[in-house]
Structure formats: structure tokens, C-alpha cells
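Heads up, the sequence shown is in full-length UniProt numbering, so the first residue is 1 and it goes up one at a time. Every residue, glycine too, gets a C-beta built ideally from N, C-alpha and C.
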Amino acid sequence: MEEIISSEQRFVAQLDRFVNVYVPSLPALFMESEILPLTRNIQPILEAHTDLVGRLEKNRQNRSTLCDIIVSYAPKLTALHSEFWAGHSGAKALLRRVQSRNPHKWSLWEKQRAAECSPEKDGSRPRTFEDLMIAPIWRVFTYHFLVGGLRDISDNDQVDAAVRAMQLVAASVDDTGRLREGEAYTKFLLGRMRPVEGLNPEFLSSLGPCIRVGALEVVYREHSTPPKVSNESLNSLPHPPPSAIVFPQELPWKNRPKLTTYKQLAVLLWKGYLVLCKVHDSKMEYEPERWFPLRVDPDIEPTSSTVSLDTLRSVEVVSGGTVFPHGIRIAFGRHVFELGAPCIADRDAWLRDISSARVSFEEGNELVSRASIYRGRDEYLQCTRSKSLLEMPPVTTAKVRAKVWSDGVWRPWRRNRNLSARKLEAAATPVEPELKSLEKAESTSLASAPSAGSRRSVANHLSSKDVFDQLVAHGCADLSSSMDPNKYSDRSIAGGAFADIWKGSLRDGTEVAIKVWRFDDIDISEDGPKKLKRAMREVYHWSKVRHAHIQELLGVVLFKGRVGMVSPWRNHGNLRDYIKKHESVNRYALCLQVAKGLSYLHDRNMVHGDLKAVSLPFHAL
Numbered sequence: 001m002e003e004i005i006s007s008e009q010r011f012v013a014q015l016d017r018f019v020n021v022y023v024p025s026l027p028a029l030f031m032e033s034e035i036l037p038l039t040r041n042i043q044p045i046l047e048a049h050t051d052l053v054g055r056l057e058k059n060r061q062n063r064s065t066l067c068d069i070i071v072s073y074a075p076k077l078t079a080l081h082s083e084f085w086a087g088h089s090g091a092k093a094l095l096r097r098v099q100s101r102n103p104h105k106w107s108l109w110e111k112q113r114a115a116e117c118s119p120e121k122d123g124s125r126p127r128t129f130e131d132l133m134i135a136p137i138w139r140v141f142t143y144h145f146l147v148g149g150l151r152d153i154s155d156n157d158q159v160d161a162a163v164r165a166m167q168l169v170a171a172s173v174d175d176t177g178r179l180r181e182g183e184a185y186t187k188f189l190l191g192r193m194r195p196v197e198g199l200n201p202e203f204l205s206s207l208g209p210c211i212r213v214g215a216l217e218v219v220y221r222e223h224s225t226p227p228k229v230s231n232e233s234l235n236s237l238p239h240p241p242p243s244a245i246v247f248p249q250e251l252p253w254k255n256r257p258k259l260t261t262y263k264q265l266a267v268l269l270w271k272g273y274l275v276l277c278k279v280h281d282s283k284m285e286y287e288p289e290r291w292f293p294l295r296v297d298p299d300i301e302p303t304s305s306t307v308s309l310d311t312l313r314s315v316e317v318v319s320g321g322t323v324f325p326h327g328i329r330i331a332f333g334r335h336v337f338e339l340g341a342p343c344i345a346d347r348d349a350w351l352r353d354i355s356s357a358r359v360s361f362e363e364g365n366e367l368v369s370r371a372s373i374y375r376g377r378d379e380y381l382q383c384t385r386s387k388s389l390l391e392m393p394p395v396t397t398a399k400v401r402a403k404v405w406s407d408g409v410w411r412p413w414r415r416n417r418n419l420s421a422r423k424l425e426a427a428a429t430p431v432e433p434e435l436k437s438l439e440k441a442e443s444t445s446l447a448s449a450p451s452a453g454s455r456r457s458v459a460n461h462l463s464s465k466d467v468f469d470q471l472v473a474h475g476c477a478d479l480s481s482s483m484d485p486n487k488y489s490d491r492s493i494a495g496g497a498f499a500d501i502w503k504g505s506l507r508d509g510t511e512v513a514i515k516v517w518r519f520d521d522i523d524i525s526e527d528g529p530k531k532l533k534r535a536m537r538e539v540y541h542w543s544k545v546r547h548a549h550i551q552e553l554l555g556v557v558l559f560k561g562r563v564g565m566v567s568p569w570r571n572h573g574n575l576r577d578y579i580k581k582h583e584s585v586n587r588y589a590l591c592l593q594v595a596k597g598l599s600y601l602h603d604r605n606m607v608h609g610d611l612k613a614v615s616l617p618f619h620a621l
């Protein structure tokens, strides 16, 4: 009971330092309009936790009362911390801009504020401004571990209720934060989207947060006969199980073209709508090239011979295809899209999300009726279109028909007709160029990708699960089934610039350290994709390193929804701490070991980047 009270006291002291020492000095570095997004509702959070710690102190001898108090504060903590967590990415991006704008001034400002603060109660130096900014988030996500410490050998029903209450607080805060984060990121994407005729960004904004965003290879085909529907069609499965996904044996069209070319496009998925965009990497802008509603008509069978191409608008989503090794085929009417994912896990995730994003035929038509007609560069006219296909104007040519088919939103498919493309058209087979390029891409390092636009798009939009799947697909061992779920430490043991260290154990009893990426580290700022790429590259190359003087990476896991890197546990801690405790140790021998490990990295064209004693785990032989 004393532990949870003392922990709450330390947290309140940190909040008080944030509010009363750092916040009043923010105008020296930040504009007035930037201060509120940075501090958000930190003052009400301080007041709530001050009141909470006061009540806990008055009842420190009564465990049942402590649990009741914690449960009673759950709704208030959920509301306050949800609001704070939802704005964290924006606040962090703002902080990064100020730090990079004048690093010397920022460093001096931090030192001045630290000098005004008293040391932490544990004797350590005062936390930095960034540490204080993340403290409320860290607190709410780890509170249930502290509450669990109230258990003893007697009846624990009240403790269990308090633990569940705080777990629910953490889950609710995370869900709300992710929802608002998705809304903010969708707004960011739409702000970078170039205006094009027939697609109104206001309409896309009304669809809510993007379900999924990423970069895929895309091939578009238009056919005079309906593509065959394979048995693996997911047309009637709202949530297809990945285990049921197999490749179709039939060609998706009758007469196979002589040339298969593909584009690297950003794919933006909403509930009921899909947009394919060209990425202009120099300006980080998105130019929509193809977009259409995702709707399913349960009354029309795609294989029916009585259904014409111009009335068949039910969207079929199929795993496989003949163009990409890890492909997805989307077909409706005469239109067929082949999407190429980098790996099986990525393909399955896209397949599941696209299939489940489809809506009923009536809902799809409603989306179409809410779309806009472009009038000039900055003017859009909302219109209501008929839901009946019979009222559509007659079409003649295939290009006009495709345009009317998607309610005037289709644009001509621009092919690259330079000399190299013409040579490829004359010499290449339909499928081999894509297969060779994909095989080459998979054999290179994880950081490699076919295009700059694709690299930036993928880095911008991968979730923790996507990153984990990519790492496993590229050779990192998945240790999820090897970890003992009951042997994790109650809290992180140490922390670094972008990760926290937890202690765990394999099922065979081997103690391990789990280096867990912080959930908030990859944000929507311009540096976000670079951070993600560097972190993924670090894990990928680390998994390939084997040397006596280099900490081994055993594998990766998903830990609390975040990517964790598993390595052997070192009981002696880091090199700096070991030397402090053993001053007579032979430091020359230690330096030689470090040099050997570093030389091994340099021989393989790798650099450490952050070599210091505190970063080196020590293992006594």
C-alpha cells in the first residue's frame, strides 16, 4: 500500500514541476498559439491526482478503502487522460520543431529549468521537459500494475476489481487516443491531397478516419468479359480468416495482355471507399488517380451470365491473382485491380481490411450521392445522384464507359512511354518483370523499396503489427509462442531515447530482456518516417549479427501492442554501472572487447551510432 501511495506522490510532484516551473517559462521558446496544444489539460490532471493522493494518504492503512477510491476515480481519469493522450503526437511534433530550430537555446532553457527544480525523491536528477510531458501517458498505462501490488494471500476480490477498473481506463484512453489520432492523421493526409476533378476532400473527410493507409504496387485492367470468380472470393465474408486465403488457379481474365506494368501508389482505405494516389515525394503530396466505392449487392451473383458488365457493381475481393506473388484482386464489372503487397502477412492484413470495409449496395450508393462535382479550382458543388443505374446516360467508348461507371471520377491511366518502357514492352513477358523485381526487393535489406514514394508512404503508415509482420517476413524470429506470459516484470526496468526495457522469461526458464518501442514514437511529423525506417533497419541488421562481444538478438515479439526486441538478460546491468561497483576491474580488457565488437560491425559496413558505457550490457564470463 505504501508503494502505490509513494508512487502517486512522486507523480504529483512531477506534474507540479511541469505546471509551476516549466509551463510559465514556455513563452521564451514557443509562440502563444503553441502553448495550449503543448500543455493541453495538464492543470486539471494535476488537480485530479492531487486530490487522489490526498485521499489515498488518509486511508493508507485500509486496503479495501484504497481499492474503492481508485475505482471511484476511474471515470475522471479516463476523461482527463484521453484528452491529454489524444493530443500527444501533435505536441511532440511541435516540441521537435522547436528543438531543431535552436538546439543551443533549447539546451540552455532546459538547464535553467532543471536548476530551479529540486532533485527527485529517489535522489536522481530532475526529469527533462519531454519526460514530464509523457509522464501522464506512462502513468495511466501502467497504473494497473501498481494496483496489482496490493494483492496478498487473503481475499483479493476488491483488488481485482480495482485492477480491472484501471485496465479499462488504459484501454479506453488508448482507444480514444487512437481514434483522435486517426482523425488527425486523416486530416493531415487530406491536407496533402491535390485537388482533382470529381473528388471532393470534404466528402472524404466525412468518411471519418482512414482504416488503413499504405503503399502497394497496382495494376489496372479493363475487360470486355467479366473476370472469372475463383472459389477463394471473399465477396460474402465480412471478416475473412487469413488461414482460408489461397491463390486462385484461374486467370483473372480471358485474353491475357502482352505487357503487365505496375505503379507504386498510396492506397487509402475508408469504410466503403478506396482511393489510389500517386505520391509526389518532393512535396510529400498525394494525387488521386483512382477511387471508387466498396459495395456489395447480395442479390447479384458476380458469376451470373445474365448480369451485364454495366450493371455489375458489386465489389469482389480475392486473394492471389497472377501478377504479384502476394497479390489481392479487386474486381467489379469490367474493372480489375491487382494490388501487390510486400509479404504474405501484409497481404492478409489488406485483404481482411478491404473485405470488411465493404458496405451494402444501398450504403455504397449513398456514398456516391454524397460525392461532389468539381467547379473551378476551389469550388465544389454538392449534388444528389440517382441510385438507379438505368438513369445513367448512354455510353459508347470504353474510356467514357469507365468514366461514367465511377460517376465521373475516373481519369485516364497514364503509362510511362519512355524508351526503356518501350523496350520492356517488346521483350518482357507479362508476369516475369514483376516477379523478378519483387524477388530482388525481398532479397535486399528491409530498408530497401522499389520507389522513393513507396518508401515514404510505407514508413508513414505502418502500424506496430505491420512492422512486426514485416520484420518476421524478413527473417527475424517470432518468439511470441516461446515467451512465458506470466514472467514479465510489473514495469519497465530501464528506458532509452525511443524504447523501454522490460524483463521476461522464455518458457524454458531463460531470462530475457525485451526492448519495447514506445507506442508514441512514430508521429505524423516529417521525421516520423525516418525514425521508423531507422528503427526497422536497426532490428533487421541486429538480427543478422553474431559475435561474442555483441549482444545477441534472439527474436521479436508484440508486447502490449508494441514491437519488442528480445535478447539475453544481463544481471550485471550496463557497463557503466558495473565499473562503478567494481572499480578494480581491468578496464583495458573491457575496452578491447568493445573494440572487437565494433570492428566486427565496421567490417560489415555497420556503425553503432550511440556507443557509450550505459548502452553496453555487461555479461561476466
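Residue state for His326 is assigned as coil, using DSSP reduced to three classes.
With a cutoff of 8 Å on beta-carbon distance, Arg40 and Met1 are scored as not near each other.
In the structure shown, Tyr286 falls within a strand segment according to DSSP collapsed to helix, strand and coil.
Collapsing the DSSP output to three states places Ala331 in a strand. If you compare the alpha carbons of Cys210, Trp270 and Asp160 with that of Ile70, the shortest gap goes to Asp160.
By the CB criterion at 8 Å, Trp109 and Ala28 fall inside the cutoff. Contact between the stretch 91 to 99 and the stretch 185 to 192 is absent, with fewer than three C-beta pairs closer than 8 Å. DSSP, read as helix, strand or coil, puts Asn59 in coil. In this structure, Leu38 is the residue among Leu38, Leu80, Leu150 and Arg570 with its C-alpha nearest to the C-alpha of Glu130.
If the five residues before and after Ala613 are omitted, its C-beta is found closer than 8 Å to the C-beta atoms of Asn574, Leu575, Arg576 and Ile579, all from its own chain and listed in chain order.
Straight-line measurement puts the Cα of Val279 at about 16 Å from the Cα of Val219.
Here DSSP, grouped into helix, strand and coil, assigns Gly573 to coil. Here Ser89 carries a helix assignment [DSSP, helix/strand/coil]. Between Asp478 and Val556, the gap from beta carbon to beta carbon is short of 8 Å. Per DSSP, the unbroken alpha helix (DSSP H) holding Phe129 starts and ends at Phe129 to Gly148. The beta carbon of Arg212 sits closer than 6 Å to those of Leu269 and Asp353, all from its chain and outside the five residues before and after it, given in chain order. Around the beta carbon of Asp348, a 10 Å sphere encloses 16 or more other beta carbons of the protein chains shown; the residue is thus reported as buried. Comparing alpha-carbon positions, the option among Ala345, Tyr286 and Val359 lying closest to Glu316 turns out to be Val359.
Taken in chain order, the whole alpha helix (DSSP H) runs of length 4 or more contained in the stretch 463 to 512 are 464 to 473. Here the alpha carbon of Arg151 sits roughly 21 Å from the alpha carbon of Lys503. Cβ atoms of Thr186 and Ala86 stay farther apart than 8 Å, at about 14 Å.
With fewer than 16 other Cβ atoms inside 10 Å of its own Cβ, Asn605 counts as exposed. Measuring C-alpha to C-alpha distances from Ala171 to each of Ala91, Ala79, Ser89 and Phe203 identifies Ala79 as the nearest.
If you check the CB distance, Val267 and Leu367 do not come in under 8 Å. With distances taken between CA atoms, Gly182 lies nearest to Cys210 out of Asp346, Cys210 and Pro24. When rounded, the separation of the alpha-carbon atoms in Leu558 and Glu197 is 43 Å. Beta-carbon to beta-carbon, Phe324 and Ile330 are separated by about 13 Å, too far to satisfy the 8 Å threshold. Cβ neighbours of Gln167 within its own chain (closer than 7 Å, five residues either side excluded): His144.
Per DSSP, Glu202 lies in no beta strand (DSSP E); the unbroken alpha helix (DSSP H) holding it starts and ends at Pro201 to Ser205. Note on Gly364: 16 or more other CB atoms within 10 angstroms of its CB, so buried under the neighbour-count rule.
Membership of His602 in any beta strand (DSSP E) is not indicated; the residue belongs instead to the alpha helix (DSSP H) covering Arg587 to Asp603. In this structure, the beta-carbon distance from Val12 to Thr50 falls below 8 Å. Using a 10 angstroms sphere on the CB of Leu611, the tally of other CB atoms stays under 16, which defines it as exposed. Remark: C-beta atoms of Leu199 and Trp291 approach each other more closely than 8 Å. Assigned with DSSP and collapsed to three states, His582 falls in coil, not helix or strand. Around the beta carbon of Tyr588, a 10 Å sphere encloses fewer than 16 other beta carbons of the protein chains shown; the residue is thus reported as exposed.
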